[in-house]
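Everything in the sequence shown is counted per the UniProt record's numbering, starting at 1 for the first residue and increasing by one. C-beta atoms are modelled at their ideal positions from N, C-alpha and C, and glycine is treated no differently.
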Amino acid sequence: MSPTRRTIVEICVSDVPTALVAEAAGADRLELCADLGQGGTTPSLGAVEVALRTLRRAGVRVMVRPRGGNFRVSEIEKQVMLADIEAIRGLPNPHGLTVGVVVGAVTTDGGLDLAVLRHLIEAAGPLPVTVHKAFDEIGDQLEAIEEIIDLGAEAVLTSGAAPTALAGAARIAALRQQAGDRLRVIAAGDIRSHNVQRVLAETGAQEVHLRAPIRRGGREATDGHEVRRVVAAVRGG
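Rendered as structure tokens:
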């Protein structure tokens, strides 16, 4: 992976209005979820369709997770996820945005659920797949990186199995070194404009993922000013 490649800023958003705010503030990519209080679940197909219709530039990654709680996936839940992926693939994309899905599954003994992930990644077909922070529940992350690469995922989201990206910076750096050009390692976990440059320096990450929450009108929205500050910081502005 070229060290001169532009750093990508991915903002986690909960609906179309917050997606539009993040795009206008300069975000490169958006992760569209519902129920962020549960760590993100699958948004409605209507929300995804309208996002693809109204966004003009930013890439979109759609969370596919049928419920909050743990990351174990039952057979029925897998079928729901497969149906959601098929539906997302069929949505119109009038502006040619880069659209992908975000998935994850772990076993009861703390490993990646390779059988479930294989089905999900195969179902996604040409859509790029990110493995979400369920990855941070895996004991041997260096081995898991190889498994994710073998499955054909494009990226993994991680705080290095630590509460924050800074706390897990050494692990994230090790994961990036092992993955090389074979898998994109996206740093996540309490990243803000005041610390994003340090996160990049300590992890070597070329992509960061964060929320930029603000309370507005009694509900959580996306702070466009904070997104701009993050973008300026990673661009050296």
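Cβ pair residue i, residue j closer than 9 Å
{"i": "Ile186", "j": "Leu166", "result": "no"}
{"i": "Gly160", "j": "Glu137", "result": "no"}
{"i": "Arg67", "j": "Ala105", "result": "no"}
{"i": "Val99", "j": "Arg61", "result": "yes"}
{"i": "Ala124", "j": "Arg89", "result": "yes"}
When the options are compared against residue i, the one with the closest alpha-carbon
{"i": "Arg132", "options": "Pro126, Gly125 and Ile121", "result": "Here the sequence assigns His to residue 132, which means Arg is not the residue at that position. With distances taken between Cα atoms, His132 lies closest to Ile121."}
{"i": "Val101", "options": "Arg192, Leu30, Gly37 and Ala179", "result": "Leu30"}
{"i": "Ile191", "options": "Val129, Ala169, Arg182 and Ala105", "result": "Ala169"}
{"i": "Lys14", "options": "Ala25, Ile148, Ala24 and Gly40", "result": "Looking at the sequence shown, residue 14 is not Lys but Ser. Nearest C-alpha to Ser14: Gly40."}
{"i": "Ala179", "options": "His194, Ser193, Pro163 and Ile148", "result": "Ile148"}
{"i": "Phe135", "options": "Gly152, Arg182 and Val103", "result": "Val103"}
{"i": "Gly236", "options": "Glu77, His194 and Arg211", "result": "His194"}
Reduced DSSP category for residue i - H, G, I as helix; E, B as strand; rest coil
{"i": "Arg57", "result": "coil"}
{"i": "Val234", "result": "helix"}
{"i": "Gly100", "result": "strand"}
{"i": "His209", "result": "strand"}
{"i": "Ala187", "result": "strand"}
{"i": "Leu32", "result": "strand"}
{"i": "Val64", "result": "coil"}
Contacts around residue i, its chain only, beta-carbon distance under 8 Å, and the 5 residues preceding and following it disregarded
{"i": "Val208", "result": "Thr7, Ile8, Val9, Glu10, Ala165, Ile186, Ala187, Ala188, Ile191, Val196, Val199, Leu200, Val230 and Val234"}
{"i": "Thr18", "result": "Ala221 and Thr222"}
6 Å CB neighbourhood of residue i in its chain, flanking five on each side removed
{"i": "Glu220", "result": "Pro213"}
{"i": "Met1", "result": "Residue placement at Met1 cannot be trusted, given a pLDDT of 40 that sits under 50; what the coordinates show is reported in the next sentence. Taken in chain order, the residues that qualify are Asp181."}
{"i": "Leu45", "result": "Ala87"}
Cβ shell of residue i (< 7 Å), same chain only, five flanking positions each side left out
{"i": "Arg5", "result": "Gln206"}
Distance between beta carbons of residue j and residue i, contact taken as under 8 Å
{"i": "Ala58", "j": "Leu32", "result": "10 Å between Cβ atoms; not a contact."}
{"i": "Arg53", "j": "Pro94", "result": "6 Å"}
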